[in-house]
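Below: one structure, written as structure tokens.
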Amino acid sequence: MRVIYDISELGRGHLRSLNRTGVFRVVENIAYGLANSKEFDLRFCATESVEAISGCLDYLKSSEQLKAVPFLLPKSAKYAGLLNKKLNRLYAEVKDASELKRMTEVRDLRGFAREFKPHRRTLIRPLAYVINGMKARFRPLDPRSLARADLFHSPFYPLPEQTRNVKRVLTVYDLIPILYPHFCIPAQLPFLNSVLKSLSPEDWVLCISHATKNDLCDYLKLDPSRVFVTYLAAAPHVFYRCPDPERIALARSKYSIPDAPYILSLSTLEPRKNIDHVVRSFARLIHEQKIKDLHLVLVGSKGWHYDKIFDSISDIGPLKDRIIVTGYVADEDLAPLYTDALAFIYPSFCEGFGLPPLEAMQCGVPVITSNTTSLPEIVGDAGIMLDPLDIDGLCHSILQIYRDSSLRKSMSKKSLERAKQFSWEKCTQETIAAYKASLNI
Numbered sequence: 033m034r035v036i037y038d039i040s041e042l043g044r045g046h047l048r049s050l051n052r053t054g055v056f057r058v059v060e061n062i063a064y065g066l067a068n069s070k071e072f073d074l075r076f077c078a079t080e081s082v083e084a085i086s087g088c089l090d091y092l093k094s095s096e097q098l099k100a101v102p103f104l105l106p107k108s109a110k111y112a113g114l115l116n117k118k119l120n121r122l123y124a125e126v127k128d129a130s131e132l133k134r135m136t137e138v139r140d141l142r143g144f145a146r147e148f149k150p151h152r153r154t155l156i157r158p159l160a161y162v163i164n165g166m167k168a169r170f171r172p173l174d175p176r177s178l179a180r181a182d183l184f185h186s187p188f189y190p191l192p193e194q195t196r197n198v199k200r201v202l203t204v205y206d207l208i209p210i211l212y213p214h215f216c217i218p219a220q221l222p223f224l225n226s227v228l229k230s231l232s233p234e235d236w237v238l239c240i241s242h243a244t245k246n247d248l249c250d251y252l253k254l255d256p257s258r259v260f261v262t263y264l265a266a267a268p269h270v271f272y273r274c275p276d277p278e279r280i281a282l283a284r285s286k287y288s289i290p291d292a293p294y295i296l297s298l299s300t301l302e303p304r305k306n307i308d309h310v311v312r313s314f315a316r317l318i319h320e321q322k323i324k325d326l327h328l329v330l331v332g333s334k335g336w337h338y339d340k341i342f343d344s345i346s347d348i349g350p351l352k353d354r355i356i357v358t359g360y361v362a363d364e365d366l367a368p369l370y371t372d373a374l375a376f377i378y379p380s381f382c383e384g385f386g387l388p389p390l391e392a393m394q395c396g397v398p399v400i401t402s403n404t405t406s407l408p409e410i411v412g413d414a415g416i417m418l419d420p421l422d423i424d425g426l427c428h429s430i431l432q433i434y435r436d437s438s439l440r441k442s443m444s445k446k447s448l449e450r451a452k453q454f455s456w457e458k459c460t461q462e463t464i465a466a467y468k469a470s471l472n473i
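Under this note's numbering, read the sequence shown as residues 33 to 473, first letter to last.
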């Protein structure tokens with residue numbers, strides 16, 4: 033069978049590091065897994081934008097393994113080249129980073145021109161001319177290449193209308209913008225709607241958890257037999273039990289973590305992750321139990337509406353000195369920081385999968401997480417699961433782990449065993465099995 037796999041997200045991530053999100057890692061790991069398989073004839077493509085095509089071509093140059101996979105250029109590739117020349121010229125003249133960010137995010141041509149009045153005569157008008165021409169001529173896939181394909185898989189973006197005559201597979205990560213809109217930025221809902229709208233009853237779907245599958249089937253009234261679950265994984269070269277005391281000490285020093293026990297929480301700092309609940313619970317525990325040495329380490333970049341978290345920290349008075357906010361942590365420091373933590377706390381309200389608890393388990397850390405959405409599937413009986421608003425339960429669980437070294441050892445062992453059930457190799461095999469089912473092989 034010949035499979036076309038859309039790697040648009042790799043191109044976008046290659047062009048701008050801010051686009052290297054969790055989805056980027058998923059697309060990348062599956063791309064490597066598919067490239068390693070001998071079960072089918074693989075082709076890559078990029079359907080999201082002309083810019084993504086350019087980024088993908090540059091990205092593939094950096095990987096001997098992936099660049100061996102043929103990349104399908106659109107039939108109108110010459111228009112893509114012309115557009116890239118215009119974009120590069122515009123990038124060279126727009127010096128302000130905020131302008132550049134807005135420019136690359138605008139999709140509407142009129143809005144684009146409106147944002148950049150100073151450049152309209154010299155740059156926007158010629159660029160608009162090219163884009164208008166491309167609207168009439170550009171298709172992300174050459175029809176001849178598509179005609180020879182058995183299956184098209186989009187791991188993130190809407191299924192292109194152009195692919196309707198081949199078997200199609202779409203990956204859906206969660207329905208959070210629809211089911212929990214108060215936890216999302218407004219732009220996420222239209223994008224998810226466009227993804228779901230691209231599905232037809234004849235298509236096949238991969239979901240990253242049974243929770244997401246159930247939500248999707250309920251929402252779209254899909255046939256569950258056409259929806260497969262392919263669990264994600266944590267990168268083994270990034271997340272592992274670190275045996276090196278020197279690396280641990282260096283990581284502590286780098287992020288100003290005192291030589292004292294700490295509990296760890298890692299996530300984007302935003303309302304959905306419920307970090308202010310962790311702060312309040314920690315402060316209450318320290319105050320009521322008169323604990324003198326325990327610290328809380330919060331790892332992660334600022335997301336939307338992060339202010340509430342920092343307000344919670346300010347509200348706890350002198351105890352705020354026991355909370356360390358590291359911001360972004362480099363990959364090479366994650367294993368040491370996870371490994372040295374007494375426990376990992378992740379009281380998220382809702383998840384499509386929930387990678388951080390798996391990352392923590394792979395490092396042998398006791399996990400306390402929520403009993404909602406997909407998280408029980410991932411943690412199983414290896415961790416403690418609570419209602420995300422249960423402050424009494426969270427305080428009690430942290431105290432147990434803090435006081436009981438035998439409990440910590442037992443939970444650490446369970447974490448490591450549970451983490452073995454997840455791997456990118458397994459995810460790839462489940463993906464290939466879904467391909468075969470869709471083609472009735």
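Built from N, CA and C at the ideal position, the CB exists for glycine as well.
These numbers were taken from a predicted model, which means no experiment stands behind them.
On the premise that residue j lies in contact with residue i, defined as a C-beta separation below 8 Å, what is that separation, rounded to the nearest angstrom?
i	j	result
L207	Y263	Not confirmed; about 17 Å, so no contact.
C77	P172	7 Å
L98	A67	6 Å
R316	I423	7 Å
V411	V399	6 Å
L471	L183	6 Å
D325	A292	5 Å
I295	I416	At roughly 12 Å, the Cβ-Cβ gap does not stay under 8 Å, so I295 and I416 are not in contact.
S402	P379	5 Å
S288	I356	6 Å
S333	G349	Going by Cβ atoms, the distance from S333 to G349 rounds to 26 Å, so no, they are not a contact pair.
L224	I210	6 Å
My output table needs one value for residue i: the three-state DSSP class, helix, strand or coil.
i	result
D206	coil
I85	helix
G349	helix
C77	strand
K334	strand
V261	strand
S443	The sequence shown places Met at residue 443, not Ser. Of the three classes helix, strand and coil, the one that applies to M443 here is helix, per DSSP.
Y467	helix
G396	coil
I341	helix
K199	strand
A367	helix
A179	helix
S429	helix
A362	coil
S186	strand
A129	Confidence at A129 is low in this model, with a pLDDT of 44, below 50, so the placement of that residue is unreliable and no value is reported for it.
A375	strand
K167	Any reading at K167 needs caution, since the residue's pLDDT is 47, under 50, leaving its predicted position unreliable; the model's value is listed next. DSSP places K167 in helix when its eight states are reduced to three.
CB residue i to CB residue j, shorter than 9 Å?
i	j	result
L282	P368	yes
E234	R200	yes
A451	L390	yes
A466	L238	yes
F385	Y212	no
L47	E83	yes
S285	F188	no
L421	S429	no
S86	G43	yes
N197	L178	yes
H242	D38	no
T463	G54	no
V261	S299	no
F454	A265	yes
R75	V101	yes
R354	I318	yes
F271	C459	no
P290	H327	yes
Residue i: beta carbon under 8 Å from a heavy atom of the ligand COA?
i	result
D174	By its list of ligands, the structure shown contains no ligand whatsoever, and the ligand COA lies outside what it can speak to.
(request) Output the residue ranges of the beta strand (DSSP E) runs that lie fully inside the region 205-250 and measure 3 residues or longer, sorted by chain position. (result) 236-239
(request) Answer yes if the region 265-280 comes into contact with the region 298-318, meaning at least three C-beta pairs across the two stretches below 8 Å, and no otherwise. (result) no
(request) Just list the alpha helix (DSSP H) runs in the region 262-327, keeping only unbroken ones of 4 residues or longer that don't cross its boundaries, in chain order. (result) 277-286, 307-321
(request) At 3 residues or longer, and completely inside the region 33-75: list those beta strand (DSSP E) runs for me, N to C. (result) 34-38
(request) Counting only runs of 3+ residues fully inside the region 378-427, write out the beta strand (DSSP E) ranges in chain order. (result) 399-402, 416-418
(message) Across the region 372-381 and the region 332-340, are there enough close Cβ pairs to call them in contact, namely three or more that are closer than 8 Å?
(response) no
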